[in-house]
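*Asks:*
Numbering (the numbering used here), first residue to last: 36 to 618.
#1: Going by DSSP in three states, residue 473 sits in which element: helix, strand or coil?
#2: Hey, is the stretch 152 to 160 in contact with the stretch 281 to 288, meaning 3+ C-beta pairs nearer than 8 Å?
#3: Under 8 Å between the Cβ atoms of residue 14 and residue 216?
#4: In three-state terms, what does DSSP make of residue 132?
#5: Relative to the alpha-carbon of residue 357, which residue among 341, 611, 342, 397 has its alpha-carbon at the smallest distance?
#6: Cα separation between residue 427 and residue 560?
#7: Does the distance from the CB of residue 494 to the CB of residue 294 come in under 8 Å?
#8: CB residue 486 to CB residue 287, shorter than 8 Å?
#9: Thinking just about the alpha-carbon of each residue, which of 416, 470, 526 is nearest to the one in residue 194?
#10: Per DSSP, what kind of secondary structure is residue 468 in: helix, strand or coil?
#11: Under 6 Å Cβ to Cβ from residue 253, same chain only, skipping five residues before and after it: list those, please.
#12: Between the Cα of residue 342 and the Cα atoms of 379, 372, 618, 375, which residue gives the shortest distance?
#13: Thinking just about the alpha-carbon of each residue, which of 222, 207, 128 is nearest to the one in residue 28?
#14: So, helix, strand or coil for residue 213, using DSSP?
#15: Quick check on residue 618: buried or exposed, where buried means 16 or more other Cβ atoms within 10 Å of its Cβ?
#16: Could you tell me the alpha carbon to alpha carbon distance between residue 44 and residue 370, rounded to whole angstroms?
#17: Can the beta-carbon of residue 589 be found less than 8 Å from the beta-carbon of residue 535?
#18: Look at the alpha carbon of residue 577 and the alpha carbon of residue 339, and state the distance between them as a whole number of angstroms.
#19: Kindly list the residues whose CB is nearer than 6 Å to the CB of residue 573, restricted to its own chain and excluding five residues on each side of it in sequence; keep chain order.
#20: Who are residue 537's beta bridge partners in DSSP?
#21: Is it the case that the stretch 463 to 479 contacts the stretch 252 to 269, given that we only count it when at least three CB pairs across the two stretches are under 8 Å?
#22: Shortest alpha-carbon distance to residue 682 belongs to which of 411, 135, 204?
#23: I'd like the span of the beta strand (DSSP E) that includes residue 163, first residue to last.
#24: In this structure, does DSSP put residue 254 in helix, strand or coil?
#25: Please report the straight-line C-alpha distance between residue 121 and residue 128, rounded to a whole angstrom.
#26: Can residue 441 and residue 327 be called in contact, C-beta distance under 8 Å?
#27: Would you identify the three-state DSSP class for residue 617, choosing helix, strand or coil?
#28: Rounded to whole angstroms, what's the CA-CA distance from residue 454 to residue 489? Just pull it up for me.
#29: Quick one: Cα of residue 616 to Cα of residue 232, how far?
#30: So the candidates are 183, 188, 138, 143; which of them puts its Cα closest to the Cα of residue 162?
#31: Rounding to the nearest angstrom, what Cα-Cα distance links residue 550 and residue 85 in this structure?
#32: Tell me the rounded alpha-carbon separation between residue 491 and residue 411.
#33: Which class does residue 223 belong to by DSSP, given the choice of helix, strand or coil?
#34: Under a Cβ-count criterion, where at least 16 other Cβ atoms within 10 Å of its own Cβ denotes burial, should residue 324 be classed as buried or exposed?
#35: Among 182, 119, 255, which has the Cα closest to the Cα of residue 82?
#36: From residue 330 to residue 368, what distance separates their C-alpha atoms?
Written as structure tokens, this is what we have:
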């Protein structure tokens with residue numbers, strides 16, 4: 036329809052009697068949302084306290100011209116997957132439950148179980164969604180699924196070109212694509228005859244959207260299971276405590292490869308020490324490969340003056356700027372403001388500028404100094420910017436054209452490194468000491484995931500740099516024990532035993548943001564079923580030149596929080612239900 040002289044698209048939710056006043060003429064499009072899509076969108080709008088328009092805006096509609104038959108033809112597949120006895124038992128457990136957790140060690144064969152389940156679903160004439168963090172949508176995984184399922188498989192993620200997305204959407208709408216693997220947005224594709232949703236790496240924080248609507252794709256997948264009356268399988272080697280507590284699980288221990296891992300702990304600040312240097316040299320001399328993990332990309336987290344202590348902060352955000360040597364710039368990872376690397380301190384004029392934390396680029400340069408003949412690759416979002424670069428980097432490593440991969444979280448996701456016999460894990464204490472109720476879970480999960488990339492075919496060493504050896508040593512080989520102990524730590528305070536909600540207020544005028552927060556805080560104090568944990572400045576007070584304040588709520592039930600917020604809303608408030616970030 037034309038609105039103020041502009042063509043606008045809208046969604047017709049229901050038919051009403053024609054009003055007495057003049058109305059605009061609507062032009063009907065050949066697209067529609069299914070009843071199930073509308074039900075899911077309505078839940079997102081209600082639970083995450085956002086508009087129905089925002090919720091529907093994430094969903095891709097069906098095409099009238101591409102309406103499918105009620106029943107897809109059953110697929111007679113000749114694919115033979117040889118599951119072990121343990122894998123068959125695990126699959127049987129999953130099929131008994133509407134929502135279940137596949138708790139399987141790294142390399143234990145979770146993917147084969149998923150694929151067998153997909154195959155069974157296809158034989159019933161139904162379709163499946165295979166949800167993965169975008170970082171896990173690797174060329175290896177895509178190739179594996181393509182080899183098994185051929186044209187029945189399609190992949191969906193943000194790095195597809197417009198033409199690739201158009202072709203994929205055509206296959207999805209026509210029903211040709213029966214298995215859709217993708218990041219969180221794959222949930223909102225127009226898929227008829229859905230029979231199964233698998234959420235791999237269910238613990239991964241990237242399933243949570245950082246912008247409105249701030250939904251969690253894992254939780255939406257579980258809700259969709261109820262709406263579509265289908266099974267939902269969550270999978271992880273390091274499941275979240277929430278999923279472990281809430282859902283029945285099938286446990287898959289060990290891996291396909293019979294090899295040993297030796298954990299070596301070094302009490303040292305984050306650095307390339309003689310122990311690590313010697314281990315890298317030894318591994319290289321044996322013509323074997325190494326991976327080195329750091330939780331920080333770029334060169335360092337912050338640049339400071341070594342004489343007066345001045346830190347280089349973003350002009351628009353109250354955070355330090357990261358040093359990127361390749362682009363010779365300081366960059367803010369919150370608003371993307373960039374400036375040239377300064378030569379002198381603007382406060383005291385000193386040229387003694389230092390950095391406080393080791394990053395991937397600096398680690399590569401250090402290793403090159405003592406292993407100049409080795410081929411070392413930086414493996415993070417700064418260098419792996421396209422799917423093509425990722426594919427080529429992995430090919431080089433698997434073909435042994437590169438000897439050492441130095442990277443961030445990308446190292447641990449969905450890659451098979453068969454000749455890695457050394458994993459070096461730095462920065463664990465930075466993760467463990469973060470002010471977050473899931474800090475222990477995140478740190479231990481990172482260590483287990485990275486360590487799991489080594490020792491696939493041969494015995495391996497894992498060097499862990501930490502001052503908290505007792506913690507990691509106690510749990511690195513028994514994640515179940517950690518989860519059981521973590522229950523005691525969280526009970527009565529944090530999820531899954533309590534519901535949390537964060538309400539954000541941002542404005543260029545800090546007083547207006549603070550006034551909005553205080554007004555809503557007063558409104559919320561009328562509700563006895565919720566606890567106001569705090570109302571204050573955000574840990575990062577300013578982002579993109581806006582001052583930020585927050586209220587943190589806690590309650591036994593989400594319905595109590597939703598009721599209180601809806602009755603207390605003020606214009607500047609943005610709601611983050613089930614938050615995972617508190618900066």
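Every residue, glycine too, gets a C-beta built ideally from N, C-alpha and C.
*Replies:* Put simply:
#1: For the purposes of this step, residue 473 is identified with residue 438 of the chain shown, where counting begins at 1. Of the three classes helix, strand and coil, the one that applies to residue 473 here is coil, per DSSP.
#2: As far as the Cβ criterion goes, the stretch 152 to 160 does not touch the stretch 281 to 288, which means the pair count is below three.
#3: There is simply no residue 14 to check, as the chain begins at 36 and stops at 618 in what is shown.
#4: As a position in the chain shown, residue 132 is number 97, starting the count at 1. Coil.
#5: Translated into positions along the chain shown, residue 357 becomes position 322. Closest in alpha carbon position to residue 357, among 341, 611, 342, 397, is 397.
#6: The residue you call residue 427 lines up with position 392 of the chain shown. The residue you call residue 560 lines up with position 525 of the chain shown. Cα to Cα, residue 427 sits roughly 56 Å from residue 560.
#7: Counting from one through the chain shown, the residue named residue 494 turns up at place 459. Counting from one through the chain shown, the residue named residue 294 turns up at place 259. The answer is yes: Cβ separation under 8 Å.
#8: As a position in the chain shown, residue 486 is number 451, starting the count at 1. As a position in the chain shown, residue 287 is number 252, starting the count at 1. When the beta-carbon positions are compared, residue 486 and residue 287 stay at least 8 Å from each other.
#9: Here residue 194 is taken as the residue at index 159 of the chain shown, counted from 1. Looking from the CA of residue 194, the closest CA among 416, 470, 526 belongs to 416.
#10: Counted from its first residue, the chain shown places residue 468 at position 433. Here DSSP, grouped into helix, strand and coil, assigns residue 468 to coil.
#11: The count along the chain shown starts at 1 and reaches residue 253 at position 218. Counting only Cβ-Cβ distances below 6 Å, and skipping sequence neighbours, we find 234, 237, 242.
#12: Against the chain shown, residue 342 aligns to sequence position 307. Of 379, 372, 618, 375, the residue nearest in Cα terms is 379.
#13: Because the chain spans 36 through 618 in this model, residue 28 falls outside it and cannot be assessed.
#14: Position 178 of the chain shown, counting from 1, holds the residue named residue 213. Residue 213 falls in the coil class under three-state DSSP.
#15: Within the chain shown, the letter at position 583 stands for residue 618. The residue in question, residue 618, is exposed, as its Cβ has fewer than 16 Cβ neighbours within 10 Å.
#16: Taking the first residue of the chain shown as position 1, residue 44 is located at position 9. Taking the first residue of the chain shown as position 1, residue 370 is located at position 335. Between residue 44 and residue 370, the C-alpha separation is close to 30 Å.
#17: Your numbering for residue 589 matches position 554 in the chain shown. Your numbering for residue 535 matches position 500 in the chain shown. Taking 8 Å as the Cβ cut-off, residue 589 and residue 535 qualify as a contacting pair.
#18: Your numbering for residue 577 matches position 542 in the chain shown. Your numbering for residue 339 matches position 304 in the chain shown. So the alpha carbons of these two residues sit roughly 20 Å apart.
#19: Reading the chain shown from its first residue, position 538 is the one you call residue 573. These residues qualify, in order along the chain: 583, 585.
#20: The residue labelled residue 537 in the question sits at position 502 within the chain shown. 587, 611.
#21: No: the two stretches stay apart, fewer than three of their Cβ pairs being nearer than 8 Å.
#22: Past the boundaries of the shown model lies residue 682; the chain is included only from 36 to 618, so the question cannot be answered.
#23: Along the chain shown, read from residue 1 onward, the residue named residue 163 stands at position 128. Its beta strand (DSSP E) spans residues 162 to 166.
#24: For the purposes of this step, residue 254 is identified with residue 219 of the chain shown, where counting begins at 1. Reduced to three states, the DSSP call for residue 254 is helix.
#25: To locate residue 121, count along the chain shown from 1; it is residue 86. To locate residue 128, count along the chain shown from 1; it is residue 93. Those two C-alpha atoms are separated by around 11 Å.
#26: On the chain shown, position 406 is the one that residue 441 refers to. On the chain shown, position 292 is the one that residue 327 refers to. Judged by beta-carbon spacing, residue 327 lies within the 8 Å limit of residue 441, meaning their Cβ atoms are closer than that value.
#27: The sequence position of residue 617 within the chain shown is 582, counting from 1. DSSP places residue 617 in coil when its eight states are reduced to three.
#28: In the chain shown, residue 454 corresponds to position 419, counting from 1. In the chain shown, residue 489 corresponds to position 454, counting from 1. So the two alpha carbons sit approximately 8 Å from each other.
#29: Here residue 616 is taken as the residue at index 581 of the chain shown, counted from 1. Here residue 232 is taken as the residue at index 197 of the chain shown, counted from 1. Across the structure, residue 616 and residue 232 are spaced so that their CA atoms are roughly 26 Å apart.
#30: Numbered from 1 along the chain shown, position 127 holds the residue referred to as residue 162. Among 183, 188, 138, 143, the Cα nearest to that of residue 162 belongs to 188.
#31: Against the chain shown, residue 550 aligns to sequence position 515. Against the chain shown, residue 85 aligns to sequence position 50. Roughly 22 Å between the two C-alpha positions.
#32: By one-based count along the chain shown, residue 491 stands at place 456. By one-based count along the chain shown, residue 411 stands at place 376. Roughly 21 Å between the two C-alpha positions.
#33: Taking the first residue of the chain shown as 1, we reach residue 223 at position 188. If DSSP states are grouped into helix, strand and coil, residue 223 belongs with the helices.
#34: Here residue 324 corresponds to residue number 289 of the chain shown, with the count starting at 1. By the neighbour-count rule (16 or more Cβ atoms within 10 Å), residue 324 is buried.
#35: Taking the chain shown and counting its residues from 1, one reaches residue 82 at position 47. It is 255 whose Cα lies nearest to the Cα of residue 82.
#36: Here the question's residue 330 lines up with position 295 in the chain shown. Here the question's residue 368 lines up with position 333 in the chain shown. The straight-line gap from Cα to Cα measures roughly 14 Å.
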